[in-house]
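Colleague: Those letters in the sequence shown? Residues 1 to 579, per my numbering, in order.
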Amino acid sequence: MHKTLIPQLSITFLPQISPSKIEDQSIQFNPMEEGEEGVSYPLENEQTQKNKSKERGIWGIIMSAINWVIMLCDELHWSFVMGVIAVYGISQGLSMGLSRVTMQYYMKDEQKIQPSEAQISMGVIRFPWVVKPLWGLLTDVVPLSGYRRRPYFIFAGFLGVTSMLVLSIVDGLHLVPAVLSLMAGSAGVAIADVTIDACITENSSTHPTLASDMQSLSGLSSSIGALAGFIISGFLVHLVGSKYTHVCRVFDYFVSLGGFSVLDGTMHHINKRPDPISNYKNVIGAKAKGGLFKGVFGLLTLPPALVVLVGLTIKDAPVRNHSYSRVNEKFGDAVRAMWTTLKSQHVWKPCLYMFSSLALNINIHEGLFYWYTDGKGGPLFSKEIVGSIYSIGALGSLCGVLLYQNMLKNRPYHDLLFWTQLLHCASGMLDLILVLRLNLNLYIPDYLFIVIDEGVSHMIGRLKWMPLLVLSSKLCPSGIEGTFFALLMSIDQVGMLTSTWAGGFVLHYLHVTRSEFENLWLAVLLRNLLRLTPIFLLFLVPRTDPNLPVLPSEISKTKRDTEMLTTDNLEMASLLDTS
Numbered sequence: 001m002h003k004t005l006i007p008q009l010s011i012t013f014l015p016q017i018s019p020s021k022i023e024d025q026s027i028q029f030n031p032m033e034e035g036e037e038g039v040s041y042p043l044e045n046e047q048t049q050k051n052k053s054k055e056r057g058i059w060g061i062i063m064s065a066i067n068w069v070i071m072l073c074d075e076l077h078w079s080f081v082m083g084v085i086a087v088y089g090i091s092q093g094l095s096m097g098l099s100r101v102t103m104q105y106y107m108k109d110e111q112k113i114q115p116s117e118a119q120i121s122m123g124v125i126r127f128p129w130v131v132k133p134l135w136g137l138l139t140d141v142v143p144l145s146g147y148r149r150r151p152y153f154i155f156a157g158f159l160g161v162t163s164m165l166v167l168s169i170v171d172g173l174h175l176v177p178a179v180l181s182l183m184a185g186s187a188g189v190a191i192a193d194v195t196i197d198a199c200i201t202e203n204s205s206t207h208p209t210l211a212s213d214m215q216s217l218s219g220l221s222s223s224i225g226a227l228a229g230f231i232i233s234g235f236l237v238h239l240v241g242s243k244y245t246h247v248c249r250v251f252d253y254f255v256s257l258g259g260f261s262v263l264d265g266t267m268h269h270i271n272k273r274p275d276p277i278s279n280y281k282n283v284i285g286a287k288a289k290g291g292l293f294k295g296v297f298g299l300l301t302l303p304p305a306l307v308v309l310v311g312l313t314i315k316d317a318p319v320r321n322h323s324y325s326r327v328n329e330k331f332g333d334a335v336r337a338m339w340t341t342l343k344s345q346h347v348w349k350p351c352l353y354m355f356s357s358l359a360l361n362i363n364i365h366e367g368l369f370y371w372y373t374d375g376k377g378g379p380l381f382s383k384e385i386v387g388s389i390y391s392i393g394a395l396g397s398l399c400g401v402l403l404y405q406n407m408l409k410n411r412p413y414h415d416l417l418f419w420t421q422l423l424h425c426a427s428g429m430l431d432l433i434l435v436l437r438l439n440l441n442l443y444i445p446d447y448l449f450i451v452i453d454e455g456v457s458h459m460i461g462r463l464k465w466m467p468l469l470v471l472s473s474k475l476c477p478s479g480i481e482g483t484f485f486a487l488l489m490s491i492d493q494v495g496m497l498t499s500t501w502a503g504g505f506v507l508h509y510l511h512v513t514r515s516e517f518e519n520l521w522l523a524v525l526l527r528n529l530l531r532l533t534p535i536f537l538l539f540l541v542p543r544t545d546p547n548l549p550v551l552p553s554e555i556s557k558t559k560r561d562t563e564m565l566t567t568d569n570l571e572m573a574s575l576l577d578t579s
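1) Count the other CB atoms within 10 Å of the CB of K409; is the residue buried (16 or more) or exposed (fewer)?
2) If P350 and L159 are in contact, beta carbons under 8 Å, what's the gap, nearest whole angstrom?
3) Taking the alpha carbon of Q119 as the reference point, which residue from I364, A65, V435 has its own alpha carbon closest?
4) Reducing DSSP to helix, strand and coil, say where S382 ends up.
5) Pick helix, strand or coil for S344, following the three-state DSSP scheme.
6) According to DSSP, which residues form a beta bridge with L144?
7) By Cβ distance below 7 Å, which residues in the same chain neighbour E563 in space, the five residues on each side in sequence not counted?
8) In three-state DSSP terms, what is S186?
9) Cβ of G377 within 8 Å of Cβ of L507?
10) Under 8 Å Cβ to Cβ from V101, same chain only, skipping five residues before and after it: list those, please.
11) So, with DSSP's three-state summary, where would you put S515?
12) Using a 10 Å radius around the Cβ and a threshold of 16 neighbouring Cβ atoms, would you call Y353 buried or exposed?
13) Helix, strand or coil for F536? Go by DSSP, reduced to three states.
14) Among the residues of its own chain, which have a CB less than 6 Å from the CB of L220, if the five just before and after it don't count?
15) Exposed or buried, which one is V87 when buried takes at least 16 other CB atoms within 10 Å?
16) Taking C-alpha atoms, which residue in V170, S204, D446 lies nearest to S478?
17) Whose C-alpha, out of V307, W371, E110, is nearest the C-alpha of G83?
18) Quick check on the burial criterion: 16 or more other C-beta atoms within 10 angstroms. Buried or exposed for P133?
19) Quick check: the Cα distance between R148 and T139, rounded to an integer number of angstroms?
20) How big is the Cα-Cα spacing for E518 and F369?
21) Return the chain-ordered list of same chain residues with a C-beta closer than 8 Å to the C-beta of V81, the five sequence neighbours on each side being excluded.
22) Alpha carbon to alpha carbon, how far is V494 from V456?
23) My guess is that G157 and G136 are in contact by the Cβ rule of under 8 Å, so how many angstroms apart are they, rounded?
24) In whole angstroms, give me the CA-to-CA distance for H511 and L358.
25) Measuring straight from C-alpha to C-alpha, what distance separates L525 and A65?
26) Just mark I58 as buried or exposed, buried being the case when its beta carbon has 16 or more other beta carbons within 10 Å.
27) Keeping to the same chain, check which residues put their C-beta closer than 6 Å to that of F355; ignore five residues upstream and five downstream.
28) Grab me the residues of V176's own chain with a C-beta within less than 6 Å of its C-beta, minus the 5 sequence neighbours each way, in chain order.
29) Let me know if G35 comes out buried or exposed under the rule of 16 or more other beta-carbons within 10 Å of its beta-carbon.
30) Could you spell out the range, first to last residue, of the alpha helix (DSSP H) harbouring Y372?
31) Am I right that E75 and H174 are in contact with their C-beta atoms under 8 Å? What's the rounded C-beta distance?
32) Out of T209, V451, M122, M214, point me to the one whose CA is closest to M183's CA.
33) Please state whether the Cβ-Cβ distance between V130 and F331 is less than 8 Å.
34) In whole angstroms, what is the alpha-carbon distance linking T341 and P549?
35) In whole angstroms, give me the CA-to-CA distance for A211 and D197.
36) What would DSSP say about Y443, mapped onto helix, strand or coil?
Right, dumping it as structure tokens:
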């Protein structure tokens, strides 16, 4: 396995050069000294180099990024790269940015539930992510209309569009149907996610030197999309609500001043019309309240619609001679292959660490959200401010991806996870300082402090997550990459679900409610102490180089993989073969 060398830029990306053309690891790619064909040119004088460095600046960074994406398109096909950007950047990133603020205010202001109840509801909404292996098995084992990927993208998109339409059209939804609709939308995102993950793991097998780059592309797309979503989310919720109120005001004023007479052709209703002011108070308030959320939910139909477009365009090798009568047998083969792999200590130990590191990081975000938007003595941030705070968090995640891609991706898993977990615990103390209002004693305004907190915390969180993603892709044996990667991600989702529900129970036990936040600092302190515990489990993580295989040779291939893989290198070919 050769190593792709990176040009030395201020923020570096892979150069536009095919990895297959790089045969000698000793080649030093230096754009300042060599031509495109590796022909050395005379070194330029120092002043010329300085001028070129100045000219390069931001434009050079942008061009390097564009060249990196073009290289990925050349190696992996443009439809795959666009699919990753659409699913991770738009369906997950942008959609998450828009929906997170909307859902939190929807639960707090529309459904009027307690922080602990909101925490539990958010966990229920994420449940489709727990059953990701099911979606992975379906996309690998049960092709539809002769394809394994395209139909599932299309189904996921239609499911997301339908669920958002229900929330945007139906008035006065009870909590249960509202949560079910949100869960259906989450299922659409999860199905699209597991399908594109299957494409990523398949390409990781055929292009192992680009495995980290594909994860970086996913992380960059997600972070940039989330950044854009969070930037406009608070303003969008506010503006959509205001515009809806304006429309209702004009409509009701027209009706109260004579609309009925125009419709009926008589002046009889004018004498019986309601007072314009009372009509405005009674009707407009209710309509504006619903429109505040319904408008944003309506806009959230666009990202899943884009997923449908991905399903229509992505490159997907057709499956021939598939026998649906053997689906049960193929499911059994897949389950046995996954169980055999999971029993290996090379696999279950890292899985146990990933679950523990997520489950022990209890999630109390809803309690903090209620406190800094509605709490007595809290910052009382507006919707626009909340959206801007989350956008800083997304920017921090983006910085984390860039830092990992350019400086840390070759660090051993064990060392990187140790320091990121330690920093993760330290960054949590910023929340404690904010809740105890110690930042005011230091003359640091609430907004400035929470912006620093959000950016630093998300950057460290992304740095902690990236090596786990790369490690997960290395744990997938050939032949069941998509399904097994989905299994690993579902283990992570179970850890997150455990964290979310545990946080809800902690908030309930400490009596943190919509109006009582006296014990919120205890919840923050407990969370921070629990973040230290995964450090003592790092012995479960391999100390290998991230560029080397993790699985031993006897596990890295399934039993019949060598015999039954087709020339197209389909990751579930052994299960789809009908011989």
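Yeah, the Cβ is synthetic: ideal placement off N, Cα and C, and Gly gets one too.
Modeller: With the structure as the only source:
1) buried
2) Taking the Cβ atoms as the reference, P350 lies roughly 32 Å from L159, outside the contact range of under 8 Å.
3) I364
4) coil
5) coil
6) Y147
7) Note that E563 scores 37 on pLDDT, short of 50, meaning its location in the model is unreliable and no value can be drawn from it.
8) helix
9) no
10) F230, S233, G234, V237, K383, V386, G387, Y390
11) coil
12) Classification of Y353: buried, given that the 10 Å Cβ count is 16 or more.
13) helix
14) V401
15) buried
16) S204
17) Of the listed residues, the one whose Cα sits closest to G83 is V307.
18) P133 sits buried, since 16 or more C-beta atoms from the chains shown fall within 10 Å of its C-beta.
19) 5 Å
20) 15 Å
21) V69, L72, C73, L217
22) Going by the C-alpha atoms only, they are around 25 Å apart.
23) That pair is no contact at about 18 Å.
24) 24 Å
25) The straight-line gap from Cα to Cα measures roughly 41 Å.
26) exposed
27) Closer than 6 Å at the Cβ level, and outside the excluded window around F355, lie I491, G495.
28) Once the five neighbours on either side are set aside, V176 has no close Cβ partner at all.
29) With a pLDDT of 44 at G35, under the threshold of 50, the modelled position of this residue cannot be trusted; read the value that follows with caution. Result: exposed.
30) 365–374
31) With a Cβ gap of about 50 Å, E75 and H174 do not count as contacting.
32) M183 has its Cα closest to that of M122, out of T209, V451, M122, M214.
33) no
34) Rounded to the nearest angstrom, the two C-alpha atoms are 15 Å apart.
35) 12 Å
36) coil
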